[in-house]
């Protein structure tokens, strides 16, 4: 999910299934590189790849995206709390710095 190409593929697949060829078109990448990105998404169980005749079609697994989303939400809460604590410390340091400047100013 950290790669912008894979994120763009997931975005495209969120609108419905797409052929591998269809996923290749918007990118200036070789078919081999696109296949590697798709393989990564399949291994991560985010995408299902099936054969339809001569064509491979990719489908997003929404339940996998929900799992990632739930995980990200829990970490978002953690980081927001951490940033709030950091902000309080920084504000306290600024107040102490102003007091020190006034004493020595």
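In the numbering used here, the protein residues as written are 466 to 570. Note that beta-carbon positions come from the ideal geometry of N, C-alpha and C, so glycine has one too.
For residue j and residue i, believed in contact at Cβ under 8 Å, the rounded distance
i	j	result
residue 477	residue 488	6 Å
Chain-order list of residues whose beta-carbon lies under 7 Å from that of residue i (same chain, five-residue window excluded)
i	result
residue 496	489
residue 510	526 and 529
Collapsed DSSP secondary structure at residue i in the structure displayed
i	result
residue 511	coil
residue 493	coil
Residue i - containing alpha helix (DSSP H), residue span
i	result
residue 547	527-569
residue 477	469-478
Cβ shell of residue i (< 8 Å), same chain only, five flanking positions each side left out
i	result
residue 500	485
Cβ-based neighbour list, residue i, same chain, cut-off 6 Å, excluding 5 preceding and 5 following
i	result
residue 482	522 and 524
residue 502	470 and 471
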